[in-house]
Amino acid sequence: MSGTSAQLEPGQVMCPYCLEIVVYDERALYVRNEKMQYERLHLAKHTNPLRRADVLRGAFQLCGNTDGVTAHYIPVPYLTHGRPLTVAMVGTSGTGKSHLLTQMVAEITDGGLEPYGVRWQSVNPADHSEFIRDRVAVLREGKQLESTEQTPFADFVEALLLTGTDGHVRPVAFFDLGGEDLVRTDALLRFLLGVDALVFVVDPLLACALPQLDEARDQYRLVVSRSDPAFETVLDRLPRSGAYLDVATALVVGKADLLRFEPPVDRWLSRPTTAPFDPRRMREESRDVYAFLRHHAAPAWLRPFDSALRCSLHFASATGGQPTNGYFPHGVRSRRVLGPLLSILAMCGVLGDSAPQRPSGVGR
Ligand SMILES: Nc1nc2c(ncn2[C@@H]2O[C@H](COP(=O)(O)OP(=O)(O)O)[C@@H](O)[C@H]2O)c(=O)[nH]1
Ligand SMILES: [Mg+2]
Ligand SMILES: [Zn+2]
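Going by my numbering, the letters in the sequence shown line up with residues 864 to 1227, in that order.
Here's what the structure looks like:
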């Protein structure tokens, strides 16, 4: 676990919406009615323990922060299972974070972590159904997700309760860190201090000067860049312990379908991710991705790997192909999106004691 989270006292949780500190308080609970309005929950009425647990499972707490933000409500299970594991996706807008994260959550809720001994539950059943309806189902219909408005700081996307191999239940919250608009607010700095895992998403259209990517680059009016400004912002602001960042880190070359004829990407893309989690396989893939980026991208794209004590590297495709006019004509099929997730879960102890260390033999 990251050693930087000490500033949250036991019982304190960061509100996923406003990033301020909250403490579970049974006097500030609400339930949502059929009209999606919040009504005060009077817990004293529920004396039957089973019924009470059931009511709490679907209840919310009003966040105490009213400072310039509209009233917002946090699902109770998010506040009552210890400190949530926070995972942030990093990359400038358009790199594919939303598609990748949606497909990771889809794999989890399809039972993709069960072979690894990890079970899931929603943090709030209604909110989770909404996520599935608005994102997972849209992709399954072959439609592109609309690009998300970036706020000045970390955007909360989705949370799930994961039960690890040790039987311990914990909330895992996924955030989007857009980068170019990141403002140096106290809340953002506090967010970065408490973050447990970072997934840096490399867009090959921005990173790799391969001529076969030119057509797609033209389509999006992109040019090859020396680095991603979001990587730079986050890496410059993250607190370090000694020379390295002590946060579980994965570097993902996304949109890898665009590189599917390129060795060794072809080899990895055609391999299914199989249980149990295999640190050796992960090191092999890390080595290949490292060599690939060394060869085809400017050095700054590997900065997350150079900066982090624990960092694995991956190839993944969220969609399996390119969209035309907002549609994926051959349908959407993700490839290897579980790899980076498994790796950070292993580093954070959710998969038991298979925690991968810095991949030896990769890079320096
Ligand atoms: N070829 C390909 N395109 C993708 C993939 N994932 C996302 N995209 C496209 O990349 C663009 C940006 O994706 P999005 O997830 O919204 O990026 P974000 O701004 O980082 O959240 C959209 O046009 C997507 O259709 C992928 O795996 N392969
Ligand atoms: Mg997005
Ligand atoms: Zn809040």
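Think of the CB as a built atom: it goes at the ideal place given N, C-alpha and C, for glycine as much as any other residue.
Bridge pairing for K1006: Y1190 [DSSP]. When secondary structure is reduced to three states using DSSP, H1177 falls in the strand class. Check the Cα spacing between V981 and each of A1050, H1031 and D888: the tightest is with H1031.
Per the C-alpha coordinates, the member of L1040, D1049 and E1148 positioned closest to A1060 is L1040.
In the assembly as shown, E1009 is an exposed residue. Its beta-carbon has fewer than 16 other beta-carbons within 10 Å. Straight through space, the alpha carbons of V932 and D1141 are spaced by roughly 44 Å. Approximately 7 Å separates the beta-carbon atoms of P947 and A1022; this is inside 8 Å, confirming the contact. Proximity of the beta carbon of K1006 to ligand 2 is not indicated: no heavy atom of the ligand is located closer than 8 Å. Beta-bridge analysis with DSSP links L1114 to F1063 and L1176. Distance from the Cα of Y1190 is smallest, within the candidate group V950, R1100 and V1001, for V1001. By the Cβ rule, the region 1095-1108 counts as touching the region 1158-1170, because three or more pairs are nearer than 8 Å. In this structure, the C-beta of L942 stays at least 8 Å away from each heavy atom of ligand 3. Excluding the 5 residues flanking it on each side, V886 has same chain C-beta neighbours closer than 7 Å at G874 and Q875, in chain order.
Distance between T929 and I884, taken at the CA atoms: about 12 Å. Minimum Cα-Cα distance from P1139 among the listed residues E977, E897 and G921 corresponds to E977. A heavy atom of ligand 3 is found nearer than 8 Å to the CB of L882.
For P938, the uninterrupted beta strand (DSSP E) segment begins and ends at Y936 to P938.
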